[in-house]
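Here's the structure, in structure tokens; my notes come after.
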Amino acid sequence: MSVRVLLVDDQPLMLLGLGILIGDTADLEVVGEAGDGREAVRLVRELRPDVVVMDIRMPGMDGIEATRQATAEPDPPKVLVLTTFDDDEYVYGALRAGASGFLLKSMALDAILDAIRVVAAGDALIAPSVTRRLIADFAGTSATPAALAAPAPDTEPAADSGLIAGITDREREVLALVGQGLSNREIAERLVISAATAKTHVARLFAKLEARDRVHLAIIAYENGLTPGRR
Numbered sequence: 119m120s121v122r123v124l125l126v127d128d129q130p131l132m133l134l135g136l137g138i139l140i141g142d143t144a145d146l147e148v149v150g151e152a153g154d155g156r157e158a159v160r161l162v163r164e165l166r167p168d169v170v171v172m173d174i175r176m177p178g179m180d181g182i183e184a185t186r187q188a189t190a191e192p193d194p195p196k197v198l199v200l201t202t203f204d205d206d207e208y209v210y211g212a213l214r215a216g217a218s219g220f221l222l223k224s225m226a227l228d229a230i231l232d233a234i235r236v237v238a239a240g241d242a243l244i245a246p247s248v249t250r251r252l253i254a255d256f257a258g259t260s261a262t263p264a265a266l267a268a269p270a271p272d273t274e275p276a277a278d279s280g281l282i283a284g285i286t287d288r289e290r291e292v293l294a295l296v297g298q299g300l301s302n303r304e305i306a307e308r309l310v311i312s313a314a315t316a317k318t319h320v321a322r323l324f325a326k327l328e329a330r331d332r333v334h335l336a337i338i339a340y341e342n343g344l345t346p347g348r349r
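Converting from the sequence shown to my numbering requires adding 118 to each position, the first position being numbered 1.
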């Protein structure tokens with residue numbers, strides 16, 4: 119079965135381009151298009167898409183509020199935010215509203231298609247260009263889960279903390295790469311393993327670390343000194 123996609127953007131050319139791009143794939147299907155957030159929420163209720171590709175800046179109801187309302191629906195769709203603006207306020211707003219992914223329109227077209235598949239499968243995905251900044255900011259806010267709270271300023275984080283002590287060396291490598299914002303496919307290429315094996319390692323990390331999604335894994339990697347910038 120194909121993934122049913124609702125496209126939401128106030129730029130007709132963007133809708134047209136994404137529609138053509140998705141139309142050329144065998145596993146994705148555009149079931150509707152909306153030019154603003156209010157129409158998007160109406161179509162979510164009417165069409166029950168699997169994934170909503172959501173712009174942020176739109177007239178009337180913006181993409182963040184539309185995401186909040188769409189994800190509050192019974193059996194909600196996954197929302198992938200696709201925007202021109204690499205802005206912290208938009209990133210945080212989208213994730214807090216329930217978005218499963220945040221990408222920039224400047225990314226390669228194939229990456230956008232892959233992202234739709236990733237969020238449809240129940241995973242989370244954030245553009246690598248914003249991942250490190252997002253993790254660093256989350257790590258120092260009250261939004262960070264208590265188990266991941268930042269240590270005191272004069273305390274070095276232990277790479278072998280109790281939280282990750284039970285993972286294997288290979289899982290530690292995978293966790294570090296998730297912390298850098300790499301996808302399963304990129305992790306597989308970096309470690310010279312199959313994509314299926316990379317996916318299995320990530321799934322085991324979810325279970326062992328009781329992580330909600332890839333963002334949560336990335337925060338764990340950051341807090342345990344497995345990513346650049348936190349030693």
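The C-beta atom is built at its ideal place from N, Cα and C for all residues, glycine as well. Here the structure is a predicted model, which is why all the values come from computation and not from measurement.
Asked, Found
"Could you name the residues of the same chain whose beta carbon sits closer than 7 Å to that of L161, not counting the 5 residues immediately before and after it, in chain order?", "L124, G150 and A152"
"Can you give me the C-alpha to C-alpha distance between G155 and T185, rounded to a whole angstrom?", "8 Å"
"The beta strand (DSSP E) that contains M176, what's its start and end?", "Element bounds for M176: n/a, residue is neither H nor E."
"Going by C-alpha distance, which of E291, V310, S312 and L243 is nearest H334?", "L243"
"I'd like to know whether the C-beta atoms of R322 and E291 end up nearer to each other than 8 Å.", "no"
"Which whole runs of the alpha helix (DSSP H) in the segment 125–205 are 4 residues long or more, in chain order?", "130–141, 155–165 and 181–189"
"Spatial neighbours of R122 within its chain, please: C-beta separation below 7 Å, excluding the five flanking residues on both sides.", "E147, V149, P167 and D168"
"Measuring straight from C-alpha to C-alpha, what distance separates A238 and V197?", "9 Å"
"Is the closest heavy atom of the ligand NAP to the C-beta of D241 under 7 Å?", "As for the ligand NAP, it is missing from this structure, which has no ligand bound."
"What would DSSP say about V121, mapped onto helix, strand or coil?", "strand"
"Based on Cα-Cα distance, which residue from L213, G216, M119 and R332 lies nearest to T143?", "M119"
"In this structure, how does DSSP classify L221 when only helix, strand and coil are distinguished?", "strand"
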